[in-house]
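Per my numbering, the sequence shown starts with residue 5, numbered consecutively. Quick reminder that beta carbons are idealized off the backbone N, C-alpha and C, glycines included. Report on one structure; see the data block that follows.
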Amino acid sequence: MSDREDDPRLPDDLDERKARILRSIVADFVANGQPVGSSRVVDSAGLNVSSATVRNEMAALEERGYIDQPHTSAGRIPTDKGYRAFVDLLEVGGLDARRAELIDELLGSARDAEDLMLRASGVLAQLTHLVALVVAPTMDEARCKLVELVTLTPSSALLLLVDDTGRVVRRMVDIDQQVSESDVSRVRAVLAEHVLGRRMPAVHDAVGQLVEQSPAELRPIMRAVHTATAADVAVELVRRVYVGGQAALAGDEGIERTALSRLLELLEERTTLARVLDDTAGTSAAPLARIGAEHDVEDLRHTSMVSQRYEVVRSGSLGVLGPTRMDYGSALSTVRAVSEALERTLAGLAGAERTD
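Below you can see the structure in the form of structure tokens.
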């Protein structure tokens, strides 16, 4: 039909009228949770046609797999294919000024990268009422940008390592004897000389080499620093995933109870979550959706995920997870806005300085 020339995104088996009817059904069902009848479509789709014509078009949409009729006497509900067509035809708008200001205010006041990830997951959950997921940037290639060793007591100190993503690692350094402030200062200088610019997973081994090379009076401090860097700094095998808004699932009738139980268990499997979120986000600079049966993971096939990649020095991803009956327009625009704010804030935390 010539209508299709107006919107090249239309699938081959949809014309503009069928697409408008599908949009109306999806929007109504998302808003009200009830099957949508032809009379409601006539009122909401803005088509100058009869109810009989709409019923015929709905029958065609059902035959082509875009909508389903759950009961003989009921209206129609969207299928995964219907949601996919709806999302592909969406024009993703911007957020209103109040929501945009809230995102900038909450993320812009983050103290460090970890605080930023927590805030991002919180504001995503708050604005969408969905489960929010934020995957921190990969640490395997991140490099140490700042090292500090601060004396707390004569036998303890605080080690601070800052990488070029803005992430701050804090470690207590317990020394097996009392040491002087001047010796701690000497160790700090040696660490700065040999650790700055190294990949974060290599910090532990680098400090280990310094233990035997150090003068005898500095070895207790250096040995304690080596011990302190053994956990998490050396190798981060599991990517950090920050999850917010799990409580939103509890009252959601869009996911069957058994499926909900398995989904809640899945939210504890951080490695799987990171992989799924990254896969959904892809390499696009825009938010993307994976809907229902499009998921490779069985326990996610009653859900939809909207996610986007963000990148400053390293890349990560963020998104929201909920039932297939979600407000996709709001989810897409919110994920995009939070991703952009996250990038801006990360850039400020990481700073222009970076050792290659």
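Taking the Cβ atoms as the reference, Leu264 lies roughly 11 Å from Leu271, outside the contact range of under 8 Å. In the pairwise beta carbon analysis, the segment 91-104 is classified as not touching the segment 43-59: fewer than three pairs are separated by under 8 Å. The beta-carbon distance between Leu222 and Val191, rounded to whole angstroms, is 6 Å. This is short enough to meet the 8 Å contact definition. The Cβ atoms of Asp92 and Gly296 lie no closer than 7 Å to each other.
Ser265 sits in a helix when the DSSP states are folded into three classes. Across the set Asp116, Ala129, Pro327, Val34, the C-alpha of Pro327 shows the shortest separation from the C-alpha of Ile259. For the pair Thr132 and Thr338, the Cα-to-Cα distance works out to about 7 Å.
Rounded to whole angstroms, the separation of the alpha carbons of Arg175 and Thr233 is 7 Å. The C-beta of Val324 has 16 or more other C-beta atoms within 10 Å across all chains shown, which makes the residue buried. Secondary structure of Gln73 (DSSP, three-state): coil.
Runs of alpha helix (DSSP H) with 4 or more residues, each lying fully within the segment 307-354, are found at 332-354, listed in chain order. By the 16-neighbour rule on beta-carbons within 10 angstroms, Pro12 is exposed. In the DSSP assignment, Thr157 falls within the beta strand (DSSP E) that extends over 148-157. According to the DSSP assignment, Arg305 belongs to no beta strand (DSSP E), since it is labelled neither H nor E. Between Pro15 and Ala114, the beta carbon gap of about 42 Å keeps them out of contact (Cβ cut-off 8 Å). Rounded to whole angstroms, Glu95 and Val30 show a C-alpha spacing of 15 Å. Going by DSSP, Asp167 is part of the beta strand (DSSP E) stretching over 160-167. Within the same chain, Ala161, Glu185, Val188 come within 7 Å of Thr155 by CB-CB distance, once the 5 residues on both sides are set aside. DSSP places Leu26 in the helix class (H, G or I) of the three-state scheme. Between Ser308 and Pro291 the beta-carbon gap is near 12 Å, outside 8 Å, which marks them as no contact. With distances taken between CA atoms, Val229 lies nearest to Ile179 out of Gln250, Ser28, Ile179, Val301. In the DSSP assignment, Leu137 falls within the beta strand (DSSP E) that extends over 135-139.
Of the residues Asp168, Pro74, Arg227, the one whose Cα lies closest to the Cα of Leu200 is Asp168.
Minimum Cα-Cα distance from Gly248 among the listed residues Ser42, Val139, Ala117 corresponds to Val139. No Cβ-Cβ contact shorter than 7 Å links Arg274 with Thr284.
Between the C-alpha atoms of Ala252 and Tyr332 there is a straight-line separation of about 16 Å. Counting only residues of its own chain and dropping the five nearest sequence neighbours on each side, Leu195 has a CB closer than 8 Å to the CB of Val151, Leu153, Val211, Leu214, Val229. One alpha carbon belongs to Asp209, the other to Ala220, and they sit about 19 Å apart. Out of Arg171, Ala345, Gly86, the CA that lies nearest to the CA of Leu99 is found in Ala345.
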